[in-house]
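Enquirer: Start counting the sequence shown at 43; every next residue gets the next number (my numbering). Every residue gets a Cβ at the ideal spot worked out from N, C-alpha and C, and that includes glycine. The structure under discussion is supplied below as structure tokens; questions concerning it will follow.
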Amino acid sequence: MKSHYAIEVVNLTKMYTPRGKPSVHALKGISFTVEPGAIFGLLGPNGAGKSTTIKILTTLTPPTSGRAVVNGFDCLHQPLETRRSLAVVLQQNAFELYLTVLGNLRTYARFHHIPRKEADRRITEVLDQFGLYDERYTHAIDLSGGMRRRLQVAKAFLSGKPVIFLDEATTGLDPINRRTTLSAIREQASKGSTIVLTTHLLDEAEDLCDRLVIVDHGNIIAEGDLHEIKRLGVPAYTLNLIFRNVSPQTLQFLKAQNPLHFKHNDTAADITLQRSHQQILDIIGELDRHHDLVHFEVHTADLEDVFIDLLSRQKEEPV
Ligand SMILES: Nc1ncnc2c1ncn2[C@@H]1O[C@H](COP(=O)(O)OP(=O)(O)OP(=O)(O)O)[C@@H](O)[C@H]1O
Ligand SMILES: [Mg+2]
Numbered sequence: 043m044k045s046h047y048a049i050e051v052v053n054l055t056k057m058y059t060p061r062g063k064p065s066v067h068a069l070k071g072i073s074f075t076v077e078p079g080a081i082f083g084l085l086g087p088n089g090a091g092k093s094t095t096i097k098i099l100t101t102l103t104p105p106t107s108g109r110a111v112v113n114g115f116d117c118l119h120q121p122l123e124t125r126r127s128l129a130v131v132l133q134q135n136a137f138e139l140y141l142t143v144l145g146n147l148r149t150y151a152r153f154h155h156i157p158r159k160e161a162d163r164r165i166t167e168v169l170d171q172f173g174l175y176d177e178r179y180t181h182a183i184d185l186s187g188g189m190r191r192r193l194q195v196a197k198a199f200l201s202g203k204p205v206i207f208l209d210e211a212t213t214g215l216d217p218i219n220r221r222t223t224l225s226a227i228r229e230q231a232s233k234g235s236t237i238v239l240t241t242h243l244l245d246e247a248e249d250l251c252d253r254l255v256i257v258d259h260g261n262i263i264a265e266g267d268l269h270e271i272k273r274l275g276v277p278a279y280t281l282n283l284i285f286r287n288v289s290p291q292t293l294q295f296l297k298a299q300n301p302l303h304f305k306h307n308d309t310a311a312d313i314t315l316q317r318s319h320q321q322i323l324d325i326i327g328e329l330d331r332h333h334d335l336v337h338f339e340v341h342t343a344d345l346e347d348v349f350i351d352l353l354s355r356q357k358e359e360p361v
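Here you go:
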């Protein structure tokens, strides 16, 4: 029976054995599934195993053991069917440097047997979507790094494949082009494509992904939607407080809370505390009643705080 999932990874391991060098255990038995139409994020520090996972799922390297299924096809035993189901933007750019932007897109469309009329329509669409129209006659070799990246992503989206893998697709893009690319990713997912992406930009993952896994040293250390992952981190709140005047008593009270971070001036204080929701409310109540509090804002930990917390705990725990 064909898998209901767009991607199914079961107990996947990968051992690289480079000649004359020690073996690298890049994946140590990871499992996860991705629902069709989801935007799925693979996060983790350098060398965690993200690109390796993508290379296995896109048939570029075989797993050492375990199973990887894309669009119902086994990556190892049905490589052709798997490849027909996907498009990929690798961490390293790959394109025809001596062709123009248009030439690259046309070649790619021909390679994927997209009929000419349909290809022209979609090429116009992606040129516009990725802000490459004015550069359509520029040779790829003459494009800036960010534009080359956009051309790569544009090619993957041109394919109209059900599953699209983006390995650090927004690396090197300026904020405006990053935003355009992110909205193109969202649009593609809303049309039903499944998107698997890796990124080091946690605000990007926070913004885009329906589900995330955090990989470290070839293991999954956290998995879930954003809220589930945030709950795994130590609860921390940052309070931005404005006072009529920060008195010595107020300072003493705030310092006594044992803050993770604390800074202040004559009228304002920013303080980060590891407390429950209720304890935070109690502290604000106390400040309001006895310390001339004028205004406050409370922020919960963002994904970056949780990411750093989870990884530092991983280092403390023996593997
Ligand atoms: N072809 C290879 N031969 C030997 N070792 C490799 C090979 N490819 C990757 N590795 C090793 O496998 C581990 C995982 O690498 P991988 O590229 O999957 O990490 P990553 O999570 O994508 O990191 P980054 O964030 O830096 O892109 C690393 O230790 C890396 O050095
Ligand atoms: Mg990588």
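Excluding five sequence neighbours on each side, which residues of the same chain lie with their C-beta closer than 8 Å to the C-beta of L141?
Expert: For L141, where only same-chain residues beyond five positions count, the Cβ hits under 8 Å are T149, H181, A182.
Enquirer: Which residue marks the beginning of the alpha helix (DSSP H) containing S107, and which one marks its end?
Expert: From DSSP, S107 is part of no alpha helix (DSSP H) but of the beta strand (DSSP E) over 107-112.
Enquirer: With distance defined between alpha-carbon atoms, name the residue in T292, A198, R191 nearest to R164.
Expert: Selected option, being the one with the closest Cα: A198.
Enquirer: So, using beta-carbon positions, are A247 and G83 closer together than 7 Å?
Expert: Going by C-beta atoms, A247 is nearer than 7 Å to G83.
Enquirer: By the 10 Å Cβ neighbour count, where 16 or more other Cβ atoms means buried, how is S289 classified, buried or exposed?
Expert: Exposed is the call here.
Enquirer: Determine the closest residue to D258 out of N88, L122, S232, V168, with distance taken between C-alpha atoms.
Expert: Ranking N88, L122, S232, V168 by Cα distance to D258 puts N88 first.
Enquirer: Scan the stretch 179-213 and note each continuous alpha helix (DSSP H) run of 4 residues or more that stays entirely inside, going in chain order.
Expert: 187-200, all fully within the stretch 179-213.
Enquirer: Which first and last residues belong to the alpha helix (DSSP H) in which H332 is found?
Expert: Residues 319-332.
Enquirer: Rounding to the nearest angstrom, what Cα-Cα distance links I262 and L274 in this structure?
Expert: If you take the alpha carbons of I262 and L274, they lie about 13 Å apart.
Enquirer: Out of curiosity, what's the CA-to-CA distance linking H341 and E177?
Expert: When rounded, the distance between both Cα atoms is 43 Å.
Enquirer: Can you list, in chain order, the residues of its chain with a C-beta nearer than 6 Å to that of K56? Leave out the 5 residues immediately preceding and following it.
Expert: Around K56: A68, L69, T94, P105, T106.
Enquirer: Am I right that I49 and V205 are in contact with their C-beta atoms under 8 Å? What's the rounded C-beta distance?
Expert: The pair is a contact, with the Cβ atoms about 7 Å apart (cut-off 8 Å).
Enquirer: For L283, does the three-state DSSP call read helix, strand or coil?
Expert: Residue state, collapsed to three classes: strand.
Enquirer: Flag this pair as yes or no: are the beta carbons of L296 and A311 separated by less than 7 Å?
Expert: It is a contact, given that the beta carbons lie within the stated cut-off.
Enquirer: Considering just the uninterrupted stretch of the beta strand (DSSP E) at E265, what are its terminal residues?
Expert: 261-266 is the span of the beta strand (DSSP E), which, as asked, contains E265.
Enquirer: Cβ of G25 within 7 Å of Cβ of T222?
Expert: No answer is possible for residue 25: the residues shown for the chain start at 43 and end at 361.
Enquirer: In the DSSP assignment, find the beta strand (DSSP E) that holds I49 and state where it starts and stops.
Expert: Per DSSP, I49 belongs to the beta strand (DSSP E) from 49-58.
Enquirer: At which residues does the alpha helix (DSSP H) containing T240 begin and terminate?
Expert: Run containing T240: none in the alpha helix (DSSP H); it sits in the beta strand (DSSP E), 236-240.
Enquirer: May I have the straight-line CA-CA distance separating R220 from C251, to the nearest angstrom?
Expert: Going by the C-alpha atoms only, they are around 15 Å apart.
Enquirer: Does the Cβ of S107 lie closer than 6 Å to at least one heavy atom of ligand 1?
Expert: Flag unset: Cβ of S107 not near ligand 1.
Enquirer: What is the DSSP secondary structure of H269, counted as helix, strand or coil?
Expert: Note: H269 maps to helix in three-state DSSP.
Enquirer: Can you look up A167 in the DSSP assignment and give me helix, strand or coil?
Expert: Reading the sequence as shown, one finds Glu at residue 167 and not Ala. Reduced to three states, the DSSP call for E167 is helix.
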